[in-house]
Amino acid sequence: MLIRSQDKEKLFGLENFGGVRYGKETSRKEEHHKLYMESMYEEEIGEYETRERCLEIMDEIQEAASMKAAIYKMPER
């Protein structure tokens, strides 16, 4: 399955990565909730307002992969 990044500039083959992971970064009182494609290196694929939204998207990716979808497009929000 291919995953298209939120900014639409990157396309990743899920089978070429170890998986998708959630990460939180904090800078100057702001929290940034992000999803990454992970392998020997990481590639950011999207940023969302909350941890919960990131986990919802991970659920969607899991569902799409189990349904053998060809492409999953990261939502804007």
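To get my numbering, take the position in the sequence shown, counting from 1, and add 250.
We put the beta carbon where it would ideally sit given N, CA and C, even for glycine.
Just so you know, the alpha carbons of Y286 and C304 end up roughly 10 angstroms apart. The Cβ-Cβ distance between E292 and H282 does not fall below 7 angstroms. The beta carbon of A315 is closer than 6 angstroms to those of M251 in its chain, skipping five residues each way along the sequence. The DSSP-derived three-state label of E302 is helix. At a Cβ-Cβ threshold of 7 angstroms, I253 and Y298 do not count as neighbours.
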